[in-house]
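Working notes, beginning with the structure itself.
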Amino acid sequence: MYIEVSAKRQTKNNDEVRLVKADGTSDEVRLVKADGTSDEVRLVKADETSDEVTAGVAMKKINNNIGSGGKFMKRIILLISCLILTATSVYSQAARSSNVFNQPMGARVLGMGDAFVSVSDDINSICWNPAGLGQLKQAELSATYAPWLIDITNTFIGFGAPGSGGMAYGAAVSIYDLGSFDLVTANEAKTIKAEVDQTAIVTLAKSNFIKTNNMSWNAGINLKYLSSTLLEEYKATTFGVDVGVLGSSGKNTRVGLVVQNIGGGIKYKEETDPLPMTIRAGVSYHLMNNVIHRVTAIGEIARYYEGDSKMHLGFEYWYARLIAFRVGYKSGYDLESITYGLGINVKGYQFDYGFGAMSALGNVTRMSFTARF
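Position 196 of the sequence shown, counted from 1, bears residue number 196 in my numbering, the numbering being contiguous throughout.
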């Protein structure tokens, strides 16, 4: 089946967006233009019916002073943007790498250009390199909130603590919500969720797992469970594994390597898509490291499933372990961008803020709060 998505103006003051399900064999969405041409993107499998529904996307109010024509066009642009995002999340393997198991988290990490695999010295290690959890000196509880376009959000809550014998343990939950839209049929009108992905993670790490003359290595593993729901109807679950190592040479140099999303695949109906395996490798170096000043430079390469390699660069400066300034750069993505961040740490409580350009559609921000005890 395929779904045709057409946007048209029926009357001067009546804007309508129609989702039409029709018989067919391909699982596609067609964005039909006024001139009859269409652009296709992957979305979800339609059901086996061929009835017609009308759907309105719930979106934030646009400036009331904008003329009706401009207002209509902005609505259409936002609708198409949302459809592309949803399509990317559902079927594109490259996009699934960033939208589900590989969804980046941590405001501190964003400020450093999402370069963290060789740093991994706080609770964010759960998402980036589980071996880094072995560096924890005390328990950490952290929450991250990342709002984006319209009502798309990503939320993360994680806890980690050191144990005996160089062991460390952690657990986390993340929720990726693509927002809601209004669905109107001949029988009813209701608001449904476009997509909700929930990931539960359990982490185990061991510090000084291997020691050589010049290097000390930590090792870590994540066990992950994903539950995904599309349009409140199509559901899928799967398991995945991350394995990472983190090596340190003296007090200033660290190298990290992680393989993420080792596992089978995810299946919504008939077809099973493989998990988006990702390999990250990086190095970090303290250019300055004393009681007052600590400056860290980070470089990282990420190789995504069926994708090109991406480069991440980051810098972090801490003054007296009280306030941090961060800057980063991401290359190889559709939109290369510079990121910025700020951190404040007072008596074991830390607030971090990160900002960066996510795509041509808008910017991304992350806010994190961490308590150490």
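Just so you know, even glycine gets a beta-carbon here, dropped at the ideal spot from N, CA and C.
This structure is a prediction, so every number in the text was calculated from the model and none was measured.
Inset, instruction - Mind checking which residues open and close the beta strand (DSSP E) that includes Val295? - result: The count along the sequence shown starts at 1 and reaches residue 295 at position 295. Where Val295 is concerned, the enclosing beta strand (DSSP E) stretches over 293-303.
Legend entry - Nearest-angstrom Cβ-Cβ length linking Ala219 and Lys206, presumed shorter than 8 Å: As a working note, residue 219 is residue 219 in the sequence shown. As a working note, residue 206 is residue 206 in the sequence shown. Ala219 to Lys206, Cβ: 5 Å. Contact.
Legend entry - Simplified DSSP assignment, three categories, for Ile150: Here residue 150 is taken as the residue at index 150 of the sequence shown, counted from 1. Here Ile150 sits in coil by DSSP.
Legend entry - Cα-Cα separation between Gln124 and Phe156, rounded to whole angstroms: Reading the sequence shown from its first residue, position 124 is the one you call residue 124. Reading the sequence shown from its first residue, position 156 is the one you call residue 156. It should be pointed out that residue 124 corresponds to Asn in this sequence rather than to Gln. Each residue's Cα considered, the two are about 10 Å apart.
Inset, instruction - Write down the C-beta distance between Met215 and Gly165 rounded to the nearest angstrom, noting that I regard them as a contact closer than 8 Å. - result: Stepping through the sequence shown from its first residue, residue 215 is reached at position 215. Stepping through the sequence shown from its first residue, residue 165 is reached at position 165. Contact flag wrong, Cβ pair sits at about 20 Å.
Legend entry - Assigned exposure category for Gln138 - 16 Cβ within 10 Å defines buried: Mapped onto the sequence shown, residue 138 falls at position 138. Exposed, since its Cβ has fewer than 16 Cβ neighbours within 10 Å.
Legend entry - Straight-line gap, Val291 to Leu322 (C-alpha atoms, nearest Å): Numbered from its first residue, the sequence shown carries residue 291 at position 291. Numbered from its first residue, the sequence shown carries residue 322 at position 322. Their backbone Cα atoms lie some 11 Å apart in a straight line.
Inset, instruction - Can you give me the Cβ contacts of Asn252 inside the same chain, cut-off strictly under 7 Å, excluding the 5 residues immediately before and after it? - result: Your numbering for residue 252 matches position 252 in the sequence shown. These residues qualify, in order along the chain: Tyr285, His286, Asn289.
Legend entry - Host alpha helix (DSSP H) of Gly379 (start-end): Outside the displayed range of the chain (1 to 373) lies residue 379, so it cannot be described from this structure.
Inset, instruction - For Tyr319, count neighbouring C-beta atoms within 10 Å of its own C-beta (all shown protein chains included) and say buried if the count is 16 or more, exposed if not. - result: In the sequence shown, the residue the question calls residue 319 occupies position 319. Tyr319 should be labelled exposed.
Inset, instruction - Answer yes or no: do Lys190 and Asp182 have a C-beta to C-beta separation smaller than 9 Å? - result: Taking the sequence shown and counting its residues from 1, one reaches residue 190 at position 190. Taking the sequence shown and counting its residues from 1, one reaches residue 182 at position 182. Yes, the Cβ-Cβ distance between Lys190 and Asp182 is below 9 Å.
Legend entry - Distance between Gln260 and Gly244 (C-alpha atoms, nearest Å): As a working note, residue 244 is residue 244 in the sequence shown. As a working note, residue 260 is residue 260 in the sequence shown. For Gly244 and Gln260, the distance between alpha carbons rounds to 8 Å.
Legend entry - Unbroken beta strand (DSSP E) run spanning Ser368, endpoints: Along the sequence shown, read from residue 1 onward, the residue named residue 368 stands at position 368. Residues 362-372.
Inset, instruction - Could you check which residue in Phe209, Ile175, Tyr234, Tyr349 has the C-alpha nearest to that of Lys267? - result: On the sequence shown, residue 267 is found 267 positions in, with the first residue counted as 1. Of Phe209, Ile175, Tyr234, Tyr349, the residue nearest in Cα terms is Tyr234.
Legend entry - Straight-line Cα distance separating Met311 from Ser120: Indexing the sequence shown from 1 puts residue 120 at position 120. Indexing the sequence shown from 1 puts residue 311 at position 311. Spanning the two alpha carbons is a distance of roughly 17 Å.
Legend entry - Identity of the residue in Leu110, Met105, Pro104, Gln103 nearest Phe325 by Cα: As a first step, residue 325 is located in the sequence shown; it is residue number 325 there, counting from the start. The shortest C-alpha separation from Phe325 is found at Leu110.
Legend entry - Alpha carbon of Gly348 to alpha carbon of Asp308, nearest angstrom: The residue labelled residue 348 in the question sits at position 348 within the sequence shown. The residue labelled residue 308 in the question sits at position 308 within the sequence shown. Gly348 and Asp308: Cα-Cα distance of roughly 40 Å.
Inset, instruction - Compare the beta carbon distance of Val196 and Tyr176 with 9 Å and say whether it is the shorter of the two. - result: Walking along the sequence shown from the start, residue 196 turns up at place 196. Walking along the sequence shown from the start, residue 176 turns up at place 176. Yes, they are a contact pair.
Legend entry - Collapsed DSSP secondary structure at Val117 in the structure displayed: Your numbering for residue 117 matches position 117 in the sequence shown. Coil, per DSSP.
Inset, instruction - Check whether the Cβ atoms of Leu136 and Ala107 lie closer than 9 Å to each other. - result: What you label residue 136 is simply residue 136 of the sequence shown in a count that begins at 1. What you label residue 107 is simply residue 107 of the sequence shown in a count that begins at 1. Against a cut-off of 9 Å, the Cβ pair of Ala107 and Leu136 comes out as no contact.
Legend entry - Gln350 versus Asp122 - alpha carbon distance: Start at 1 with the first residue of the sequence shown, and residue 350 comes out as number 350. Start at 1 with the first residue of the sequence shown, and residue 122 comes out as number 122. Cα-Cα distance, rounded: 11 Å.
Inset, instruction - Pull up the distance between the alpha-carbon of His293 and that of Glu316, whole angstroms please. - result: Counting from 1 along the sequence shown, the entry for residue 293 is found at position 293. Counting from 1 along the sequence shown, the entry for residue 316 is found at position 316. Going by the C-alpha atoms only, they are around 11 Å apart.
Inset, instruction - Express the C-alpha separation of Ala131 and Glu306 in angstroms, rounding to a whole number. - result: The residue you call residue 306 lines up with position 306 of the sequence shown. The residue you call residue 131 lines up with position 131 of the sequence shown. Using only the alpha carbons, I get a separation of about 25 Å.
Legend entry - Minimum C-alpha distance to Phe355 - residue among Pro147, Ala143, Ser142, Glu188: If you number the sequence shown from 1, residue 355 lands on position 355. It is Pro147.
Legend entry - Where the alpha helix (DSSP H) through Ser337 begins and ends: By one-based count along the sequence shown, residue 337 stands at place 337. Run containing Ser337: none in the alpha helix (DSSP H); it sits in the beta strand (DSSP E), 337-346.
Inset, instruction - Pull up the distance between the alpha-carbon of Gly56 and that of Leu231, whole angstroms please. - result: On the sequence shown, position 56 is the one that residue 56 refers to. On the sequence shown, position 231 is the one that residue 231 refers to. Confidence in Gly56 is poor, its pLDDT being 34 and thus under 50, which makes the residue's placement unreliable; the coordinate value appears in the next sentence. Rounded to whole angstroms, Gly56 to Leu231 spans 14 Å at the Cα level.
Inset, instruction - Quickly, what does DSSP pair Gln103 with across the bridge? List them, please. - result: Locating residue 103 in the sequence shown gives position 103, where the first residue counts as 1. Answer is none; Gln103 lacks a bridge partner.
Inset, instruction - Give the DSSP-derived three-state secondary structure of Gln198 in the structure shown. - result: By 1-based counting over the sequence shown, the position of residue 198 is 198. If DSSP states are grouped into helix, strand and coil, Gln198 belongs with the strands.
Legend entry - Spatial distance of Pro104 from Ala281 (CA atoms): For the purposes of this step, residue 104 is identified with residue 104 of the sequence shown, where counting begins at 1. For the purposes of this step, residue 281 is identified with residue 281 of the sequence shown, where counting begins at 1. About 15 Å.
Inset, instruction - Output the boundary residues of the alpha helix (DSSP H) element that contains Ser125. - result: Here residue 125 corresponds to residue number 125 of the sequence shown, with the count starting at 1. Note, Ser125: alpha helix (DSSP H), 125-128.
Legend entry - Whole-angstrom distance between Val327 and Thr144, CA atom to CA atom: The residue you call residue 144 lines up with position 144 of the sequence shown. The residue you call residue 327 lines up with position 327 of the sequence shown. One C-alpha to the other measures close to 19 Å.
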